[in-house]
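Asker:
Residue numbers (our numbering): 1 to 278.
Printed below as a string of structure tokens:
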């Protein structure tokens, strides 16, 4: 055997300080992930002092790591505050495949139209197993505290977008029922018979509602966006505070925009026949 081969088999002793450096690197990664999680739990921007407090880090450490994350487009700076960067969504969206990205890009103009018509917070979501994933969101002028964030997952059974999608996907709806319908608020539908009746209503009317079922004080109205074969590929919703939000008032705008979005999905399918949207 050649000396060259033996060189590859001989155990290599790391130089002094290497193990410590690796440990420090892991610690920095851990701290960066804690910062990202704190940002993910925040609806909107947040300052470095509050981020440091929530993360258990010193302000100087948080500021240094935020600078690194910002240079890599993982966070964005808005004045003196921070929020998650779009690069994180691009990475996270790959968990759900390229279809979510295609829908996000193709349907963004229609989501913007819905925002212009309502001036409220609007969402685009897709179904993933028995959860919904928010792939886009535009904040209204009177934003309401909400668990919805781009890239976030919520149980489909207690959200308007989720019910709009489950109503036209029998297998997913039954899977959601079999998995259980835990009560998130006192308004959450937890009885399977009542839930199936709710989905039947949505199929007949084409409109789904969330009446504070996912979070207190939050109400939504949603419609599905249909794809090939009459199956839903995504859903739009309009959300607002329960005390001032008239859900039924936004149904015409939702129907109008969903109709145009369905046409856009059909055009995408014709242009790319191999695209599996459902």
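No residue lacks a Cβ here, since even glycine has one placed at the ideal position from N, Cα and C.
Report yes if the CB atom of residue 191 is closer than 9 Å to the CB atom of residue 184, and no otherwise.
Answerer: One-based indexing of the chain shown puts residue 191 at position 191. One-based indexing of the chain shown puts residue 184 at position 184. Not in contact: residue 191 and residue 184 (Cβ atoms no closer than 9 Å).
Asker: Could you check which residue in 260, 213, 216 and 217 has the C-alpha nearest to that of residue 235?
Answerer: Counting from one through the chain shown, the residue named residue 235 turns up at place 235. Among 260, 213, 216 and 217, the Cα nearest to that of residue 235 is on 260.
Asker: Where DSSP assigns a beta bridge to residue 82, which residues make up the other side?
Answerer: Here residue 82 corresponds to residue number 82 of the chain shown, with the count starting at 1. Its beta-bridge partners are 46 and 77.
Asker: Tell whether a beta-carbon distance below 9 Å holds between residue 169 and residue 231.
Answerer: Working through the chain shown from its first residue, we reach residue 169 at position 169. Working through the chain shown from its first residue, we reach residue 231 at position 231. Yes.
Asker: Can you tell me whether DSSP reads residue 132 as helix, strand or coil?
Answerer: Taking the chain shown and counting its residues from 1, the one referred to as residue 132 is at position 132. Correct three-state label for residue 132: strand.
Asker: Could you tell me the alpha carbon to alpha carbon distance between residue 107 and residue 148, rounded to whole angstroms?
Answerer: For the purposes of this step, residue 107 is taken as the residue at position 107 of the chain shown. For the purposes of this step, residue 148 is taken as the residue at position 148 of the chain shown. Between residue 107 and residue 148, the C-alpha separation is close to 18 Å.
Asker: Among 262, 32 and 124, which one has its Cα closest to the Cα of residue 220?
Answerer: As a working mapping, residue 220 is identified with position 220 in the chain shown. For residue 220, the nearest C-alpha among the options comes from 124.
Asker: Helix, strand or coil for residue 269? Go by DSSP, reduced to three states.
Answerer: Here residue 269 corresponds to residue number 269 of the chain shown, with the count starting at 1. Residue 269 falls in the helix class under three-state DSSP.
Asker: Just verifying my parser: in three-state terms, what is the DSSP assignment at residue 224?
Answerer: Counted from its first residue, the chain shown places residue 224 at position 224. In the structure shown, residue 224 sits in a strand (DSSP, three-state: E or B).
Asker: If you count every other CB in all the chains shown that lies within 10 Å of the CB of residue 186, and 16 or more means buried, which is it?
Answerer: In the chain shown, counting from the first residue as 1, residue 186 sits at position 186. When all chains shown are included, residue 186 counts as exposed.
Asker: Which residues in the same chain as residue 81 place their Cβ atom closer than 7 Å to its Cβ, once the five residues preceding and following it in sequence are excluded?
Answerer: Mapped onto the chain shown, residue 81 falls at position 81. Answer for residue 81: 45, 46 and 47, listed in chain order.
Asker: Grouping DSSP H, G and I as helix and E and B as strand, with all else coil, what is residue 254?
Answerer: Locating residue 254 in the chain shown gives position 254, counting from the first residue. Helix at residue 254.
Asker: Three Cβ pairs or more, each shorter than 8 Å: is that satisfied between the region 119-137 and the region 234-252?
Answerer: Touching, yes.
Asker: Which residue from 141, 133 and 246 puts its Cα closest to that of residue 151?
Answerer: Residue 151 sits at position 151 when you count from the first residue of the chain shown. Cα-wise, what sits closest to residue 151 is 133.
Asker: Just mark residue 137 as buried or exposed, buried being the case when its beta carbon has 16 or more other beta carbons within 10 Å.
Answerer: If you number the chain shown from 1, residue 137 lands on position 137. So residue 137 ends up on the buried side.
Asker: Would you mind giving the Cβ-Cβ distance between residue 39 and residue 62, rounded to the nearest angstrom? I have them listed as a contact below 8 Å.
Answerer: In the chain shown, counting from the first residue as 1, residue 39 sits at position 39. In the chain shown, counting from the first residue as 1, residue 62 sits at position 62. Contact flag wrong, Cβ pair sits at about 11 Å.
Asker: State the DSSP-derived secondary structure class of residue 215, mapped to helix, strand or coil.
Answerer: Against the chain shown, residue 215 aligns to sequence position 215. Residue state, collapsed to three classes: coil.
Asker: Using 8 Å as the cut-off, classify the Cβ of residue 83 as near or not near the heavy atoms of the ligand ADP, replying yes or no.
Answerer: In the structure on display, the ligand ADP does not appear, and there are no ligands present to speak of.
Asker: Rounding to the nearest angstrom, what Cα-Cα distance links residue 166 and residue 72 in this structure?
Answerer: As a first step, residue 166 is located in the chain shown; it is residue number 166 there, counting from the start. As a first step, residue 72 is located in the chain shown; it is residue number 72 there, counting from the start. Near 37 Å, if we compare the C-alpha coordinates of residue 72 and residue 166.
Asker: Would residue 224 be called buried (16 or more neighbouring beta carbons within 10 Å of its own) or exposed?
Answerer: The residue given as residue 224 occupies position 224 in the chain shown. It is buried - the Cβ of residue 224 has at least 16 other Cβ atoms within 10 Å.
Asker: Roughly how many whole angstroms lie between the Cα atoms of residue 103 and residue 244?
Answerer: Here residue 103 refers to the residue found at position 103 when the chain shown is read from its first residue. Here residue 244 refers to the residue found at position 244 when the chain shown is read from its first residue. Going from the Cα of residue 103 to the Cα of residue 244 covers about 31 Å.
Asker: How big is the Cα-Cα spacing for residue 41 and residue 164?
Answerer: Position 41 of the chain shown holds residue 41. Position 164 of the chain shown holds residue 164. So the alpha carbons of these two residues sit roughly 26 Å apart.
Asker: Is the beta carbon of residue 158 sitting closer than 9 Å to the one on residue 205?
Answerer: Against the chain shown, residue 158 aligns to sequence position 158. Against the chain shown, residue 205 aligns to sequence position 205. The answer is no: Cβ separation not under 9 Å.
Asker: For residue 270, which residues in the same chain have their Cβ closer than 7 Å to its Cβ, ignoring the five residues on either side in sequence?
Answerer: Counted from its first residue, the chain shown places residue 270 at position 270. Within the same chain, residue 270 has no close Cβ partners at all.
Asker: Quick one: measure Cβ to Cβ for residue 59 and residue 49, integer angstroms, because I've assumed they're closer than 8 Å.
Answerer: Start at 1 with the first residue of the chain shown, and residue 59 comes out as number 59. Start at 1 with the first residue of the chain shown, and residue 49 comes out as number 49. That belief holds up - the Cβ atoms of residue 59 and residue 49 are roughly 6 Å apart, short of 8 Å.
Asker: Would you mind reading off the limits of the beta strand (DSSP E) that contains residue 237?
Answerer: In the chain shown, counting from the first residue as 1, residue 237 sits at position 237. Where residue 237 is concerned, the enclosing beta strand (DSSP E) stretches over 232-241.
Asker: In whole angstroms, what separates the C-alpha of residue 214 from that of residue 146?
Answerer: For this step, residue 214 is matched to residue 214 along the chain shown. For this step, residue 146 is matched to residue 146 along the chain shown. Cα-Cα distance, rounded: 9 Å.
Asker: Between residue 226 and chain C, is there a C-beta pair that is closer than 9 Å?
Answerer: Considering every chain present, this structure includes no chain C. It has just one protein chain.
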